[in-house]
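The structure appears right after this line, and notes come after that.
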Ligand SMILES: [Zn+2]
Ligand SMILES: [Zn+2]
């Protein structure tokens, strides 16, 4: 199985960003070039494909605050309920160890929405959506049900770090990639979440990474969890590299 990510389009168009369409077009053009893989496998251009709030924290994991990352899950297939999808995403992100939640002294502080994504008419407060379907072929490419992928929406510029990053970020999960045991769904959800936090796919090298795993010809990372290098890479992105 192979998986890929894309960066394009816009999920919502907030009126508070007059330049939204300009930067969305810029991002769409950028997406036509292949992701660059390097030692720390993160973006090298001024457009950094990660959720914008990962640079900052509000307290620690005990209090939900403005700089924390809210996420929801939902399903549009009868093969998996929205609740099951949410349980599997939360298990991966905050329960199983090691996990992404808390990375960078709680700059990554993940909070699940009480209800499925589509229960909310206004989802502007939810930074990350995990959506499950039988097939994301039209969105992710490949053959039927071949790929899961992520998309990043509405870039915003932060002068403190000198780059664009993204307000809303969706992970499109093909149900047959996450309907098995914990090892299977955690591997996929951790990989796609790595994209949400700024990591790119493997490009032939095998540094020991959930992003450079068996799907990319690497036999040295058979694990379902992110490596120390993956956590360190996300912290480096948080620090503005
Ligand atoms: Zn990937
Ligand atoms: Zn950033």
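In the working numbering, the protein residues as written are 660 to 900. Glycine residues also receive a C-beta, built at the ideal position from the N, C-alpha and C atoms.
Any non-hydrogen atom of ligand 1 closer than 7 Å to residue i Cβ
{"i": "residue 864", "result": "no"}
{"i": "residue 871", "result": "no"}
{"i": "residue 860", "result": "yes"}
Straight-line gap, residue i to residue j (C-alpha atoms, nearest Å)
{"i": "residue 728", "j": "residue 793", "result": "26 Å"}
{"i": "residue 747", "j": "residue 705", "result": "33 Å"}
{"i": "residue 613", "j": "residue 765", "result": "Absent from the structure is residue 613, since the part of the chain shown begins at 660 and ends at 900."}
{"i": "residue 726", "j": "residue 717", "result": "5 Å"}
{"i": "residue 797", "j": "residue 769", "result": "29 Å"}
{"i": "residue 713", "j": "residue 788", "result": "15 Å"}
{"i": "residue 720", "j": "residue 767", "result": "9 Å"}
{"i": "residue 753", "j": "residue 819", "result": "29 Å"}
{"i": "residue 742", "j": "residue 891", "result": "31 Å"}
{"i": "residue 856", "j": "residue 838", "result": "23 Å"}
Cβ shell of residue i (< 6 Å), same chain only, five flanking positions each side left out
{"i": "residue 822", "result": "705, 707"}
{"i": "residue 836", "result": "807, 847"}
{"i": "residue 872", "result": "880"}
Own chain partners of residue i with C-beta closer than 7 Å, once the 5 adjacent residues on each side are dropped
{"i": "residue 888", "result": "866, 867, 868"}
Residue i beta carbon near ligand 2 (any heavy atom closer than 7 Å)
{"i": "residue 711", "result": "yes"}
{"i": "residue 703", "result": "no"}
{"i": "residue 817", "result": "yes"}
Residue span of the alpha helix (DSSP H) that contains residue i, given as start and end
{"i": "residue 889", "result": "887-897"}
{"i": "residue 847", "result": "841-855"}
{"i": "residue 796", "result": "796-799"}
{"i": "residue 835", "result": "834-837"}
Endpoints, beta strand (DSSP E) assigned at residue i
{"i": "residue 808", "result": "808-817"}
{"i": "residue 709", "result": "706-710"}
{"i": "residue 733", "result": "728-734"}
{"i": "residue 804", "result": "Where residue 804 is concerned, there is no enclosing beta strand (DSSP E), given that its DSSP letter is neither H nor E."}
> Can you give, in chain order, each stretch of the alpha helix (DSSP H) that sits fully within the region 745-773 and has at least 4 residues?
Replying inline: 762-765
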